[in-house]
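Since the structure comes first, as structure tokens, the remarks are kept for the end.
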Amino acid sequence: MGCAPSIHVSQSGVIYCRDSDESNSPHQTTTISQGTAATLHGLFIKTDAADSIPSVLAYQSRQQQQQCPGPRRKDRREPAATATAAAPRRAGAHHCCGIEAETQTSQTSVKQASTAEIQIGSMRLTQDPIQVLLIFAKEDNQSDGFWWACDRAGYRCNIARTPESALECFLDKHHELVVIDHRHSRYFDAEAICRSADQEETSVLPLLHAGFNRRFVENSSIIACYNELIQLEHGEVRSQFKLRACNSVFTALEHCHEAIEITSEDHIIQVWKMHYFLECKNRRKESIDVKSITSRSSDAPSLQNRRYSSMARIHSMTIEAPITKVINIINTAQENSPVTVAEALDRVLEILRTTELYSPQLGTKDEDPHTSDLVGGLMTDGLRRLSGNEYIFSKNVNQSHSHLPVPNTIDDVPPCIAQLLDNEESWDFNIFELEAVTNKRPLVYLGLKVCARFGVCEFLNCSEATLRAWFQVIEANYHSSNSYHNSTHAADVLHATAFFLGKERVKGSLDHLDEVAALIAATVHDVDHPGRTNSFLCNAGSELAILYNDTAVLESHHTALAFQLTAKDNKCNIFKNIDRNHYRTLRQAIIDMVLATEMTKHFEHVNKFVNSITKPDEGSDCECTTNVKNFPENQTLIKRMMIKCADVANPCRPLELCIEWAGRISEEYFAQTDEEKRKGLPVVMPVFDRNTCSIPKSQISFIDYFIMDMFDAWDEFAHLPVLMQHLADNYKHWKTLDELKCRSLRLPSENNNGS
Ligand code: AMP
Ligand code: ZN
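Position one of the sequence shown corresponds to residue 0 (numbering that gives the first Met the number 0), numbered consecutively onward.
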């Protein structure tokens with residue numbers, strides 16, 4: 000029966016006893032002669048004598064002895080001479096092999112048998128009294144020496160007589176120190192080892208290899224044993240105790256959700272603890288000195304330094320933004336990644352650190368000029384493209400509000416208009432016909448029809464007269480002089496919005512308030528548009544650009560003006576009857592949608608939508624829409640995407656309508672270029688020069704860059720096969736013209752068909 004394999008004391012620190020043949024072997028005790036080197040630590044004896052003696056003896060205080068004399072051997076020396084009674088800590092807790100209860104070692108005059116306080120840095124730890132297991136087959140002077148040494152040191156002590164009882168006792172107590180008598184091994188040449196130990200150090204190696212930590216040469220003097228034990232306590236036992244304490248700290252850190260930084264006394268960071276990730280840096284190789292990194296940052300930084308500097312910077316933030324968490328997670332992952340992965344992650348970090356996360360970066364040289372002009376013209380504030388004459392102040396923004404006509408009643412709608420509006424729910428509805436029959440007032444007529452369909456007056460608790468007056472005011476503030484951004488465009492966007500709201504998945508995802516907000520937002524989204532881009536207004540130093548700090552100038556103006564116009568006159572104030580909370584929510588939704596039409600945020604909105612709004616599983620439409628309804632942030636993404644798609648849906652209209660819109664937007668751009676040239680302003684979209692522009696090329700670029708992906712995503716959500724077919728047909732139209740080197744809206748042979 001093997002004893003040793005189970006006595007793996009390494010965890011508790013001192014003696015590690017591996018399986019060995021001799022420990023399994025029957026043993027004959029030998030008398031220890033004076034001067035014989037005896038190896039006590041970690042050497043194990045199985046003895047035949049075990050049968051006749053108790054297998055485990057525990058050290059016992061006098062007090063305990065009086066209460067429970069137990070099976071102590073009669074010949075055991077009375078400890079009372081040197082020991083004074085101490086309160087047993089775990090008295091009676093253990094019956095090792097059913098022989099004897101363990102007790103607290105006696106308090107002695109030398110050492111208190113109490114918990115010791117140990118300081119590690121700022122940590123104060125308490126350590127229970129050391130427990131010692133003496134494994135001696137037979138009692139003799141040596142075992143007594145240790146027994147009394149334990150008593151003197153204030154340790155708890157057990158004596159085991161057999162391997163089995165030793166094991167059982169050890170498994171129960173996990174003694175910090177185990178002393179094993181090896182003087183009697185039949186197969187172990189202790190003398191030879193000790194002889195050689197006298198000559199050369201390496202002679203203890205076999206023992207160390209066997210798993211033992213120390214060798215003690217026989218010496219039964221209590222003070223020699225005592226010195227040996229307390230050296231062990233202050234050496235390896237204490238180190239193990241500290242290591243275990245550190246492990247506990249790491250475990251605690253792992254469960255802590257706060258960012259924690261552990262530094263040395265000179266503020267060198269030793270340990271990073273990020274959210275959910277524990278990072279332990281090798282002190283010498285990877286310590287981080289925030290200050291030195293910051294000062295180093297102007298040098299060409301190595302891969303490592305770059306990583307650390309980013310960590311240092313990010314870590315200094317107290318409140319973590321989601322992007323900080325992401326960067327921290329990547330930083331942590333890099334630490335354990337192969338170089339190729341770490342480098343790829345470095346590239347990822349570089350991208351993440353930019354603020355323009357959602358805007359694709361155009362290649363500069365070989366990019367198609369139509370695309371770069373559109374991007375430059377629609378997606379910047381003009382500042383990046385300044386080419387002189389910056390900030391020339393001009394008051395060229397059209398502020399004129401035409402006089403409001405007397406409102407019609409619903410019955411006043413002429414039959415030709417009513418007839419046209421009958422087809423209002425179809426995607427192929429011809430807005431230009433409505434424009435014509437309403438004398439360029441399509442918005443008010445279409446608006447009333449659509450709003451009736453969606454119960455807007457009921458939601459707002461306002462009369463149709465108020466709604467009508469409101470539509471009239473808003474429509475009057477669109478510039479009919481603009482070829483594109485006039486009230487027909489607003490009516491077109493309102494039409495598209497109403498169409499999208501009718502789609503099952505959209506309807507199922509939004510609330511009535513969202514529908515009302517979307518219809519209002521579409522109506523007002525370009526009100527008072529000057530027919531010039533944001534870039535132009537910024538370059539020209541227009542009042543609006545000054546007012547809105549060159550940021551989302553037009554979109555801010557459309558929203559602000561819409562609310563001003565609404566509130567100005569009670570007759571047109573559609574919000575006058577809703578309570579404050581409803582108004583605040585509605586207003587917020589309208590503002591958010593109108594601002595979403597700003598093209599600088601195009602990719603941000605599209606990508607957020609794509610990333611968050613998933614395709615429905617077959618047959619589980621209800622579940623998906625219920626889910627969206629439970630998440631207002633997803634409803635917001637859908638509303639933004641909806642108004643964005645409605646705003647630029649003209650390439651998805653039937654070919655003739657698409658061509659008309661392309662002609663109108665091109666004309667507006669041409670007019671802007673004309674004015675820029677006239678006034679010496681930077682030309683923000685040079686390709687939109689009426690003398691040189693290829694409209695097919697510009698439409699191909701616009702569709703490729705802004706439309707295709709967005710409508711793919713929107714179609715995936717809302718299911719819009721008719722639109723996608725038109726888009727494909729229209730794209731083909733522009734491609735055909737381009738291949739034929741045609742720069743206009745149609746082939747010359749078709750020119751009589753359109754405007
Ligand atoms: P909005 O000013 O709100 O109508 O935003 C839509 C943006 O897309 C505007 O800057 C328009 O100039 C632009 N846009 C819409 N349709 C087209 C088109 N067919 N070709 C080029 N640009 C367009
Ligand atoms: Zn628009």
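Built from N, CA and C at the ideal position, the CB exists for glycine as well.
Residue i, buried or exposed, once every other Cβ within 10 Å from all chains shown has been counted against 16
i: D372; result: buried
i: P337; result: exposed
i: V340; result: exposed
i: S541; result: buried
i: L726; result: buried
i: S748; result: exposed
i: L228; result: buried
i: I699; result: buried
i: N729; result: buried
i: S480; result: exposed
i: R440; result: buried
i: R663; result: buried
i: Q671; result: buried
i: K567; result: exposed
i: T487; result: buried
i: I458; result: As written in the sequence, residue 458 is Phe, which differs from the Ile given in the question. Result: buried.
Supposed close pair residue i, residue j - CB separation, criterion 8 Å
i: S508; j: I637; result: 5 Å
i: E232; j: N212; result: Between N212 and E232 the Cβ distance is about 13 Å, and since that is not below 8 Å, they are no contact.
i: D762; j: V605; result: Lying before the first or after the last residue shown, residue 762 is absent from the chain, which here runs from 0 to 754.
i: Y154; j: Q126; result: Not quite, the Cβ-Cβ distance comes to about 12 Å (not below 8 Å), so this is no contact.
i: L594; j: T558; result: 7 Å
i: P650; j: I706; result: 5 Å
i: F453; j: L512; result: Not really, about 11 Å apart at Cβ, beyond 8 Å.
i: E432; j: L419; result: 6 Å
i: R467; j: V443; result: 7 Å
Contacting residues, own chain, Cβ-Cβ under 7 Å from residue i (five flanking each side not counted)
i: N770; result: Here the chain comprises residues numbered 0 to 754, so residue 770 is not present and cannot be evaluated.
i: V609; result: A712
i: S611; result: N633 and L636
i: Y225; result: A148, R151 and A152
i: C741; result: P695
i: V647; result: F705 and I706
DSSP-derived helix/strand/coil call for residue i
i: M707; result: helix
i: I762; result: Outside the shown range of the chain (0 to 754) lies residue 762, about which nothing can therefore be said.
i: R155; result: strand
i: L204; result: helix
i: I179; result: strand
i: I134; result: strand
i: L124; result: strand
i: V686; result: coil
i: N572; result: coil
i: Q66; result: Confidence at Q66 is low in this model, with a pLDDT of 39, below 50, so its placement is unreliable and the value that follows should be read with caution. DSSP places Q66 in helix when its eight states are reduced to three.
i: D510; result: coil
i: E423; result: coil
i: A539; result: coil
i: K502; result: coil
i: E757; result: The displayed coordinates of the chain run from 0 to 754. Any statement about residue 757 would go beyond what the structure contains.
i: R677; result: helix
i: R467; result: helix
i: H601; result: helix
i: T129; result: A small correction: the amino acid at residue 129 is Ile; Thr does not occupy that position in the sequence shown. The answer is coil: DSSP assigns I129 none of H, G, I, E or B.
i: I577; result: coil
i: L736; result: helix
i: Y225; result: helix
i: H488; result: helix
i: P359; result: coil
i: R586; result: helix
Contacting residues, own chain, Cβ-Cβ under 8 Å from residue i (five flanking each side not counted)
i: D714; result: P720, L722 and M723
i: I642; result: V492, T496, A517, A520, A521, H524, M592, V593, A595 and T596
i: L654; result: H725, D728, N729 and H732
i: C415; result: V436
i: G144; result: N218, S219, S220, I221, A223 and C224
Sequence-distant residues of the same chain with beta carbon closer than 6 Å to residue i, five excluded per side
i: A755; result: Residue 755 falls outside the range modelled here, since the chain spans only 0 to 754, and no answer is possible.
i: L377; result: M598
i: N422; result: F428
- Query: Which residues have their C-beta within less than 7 Å of a heavy atom of the ligand ZN, listed in chain order?
  - Reply: H484, H488, V492, H524, D525, T596 and D646
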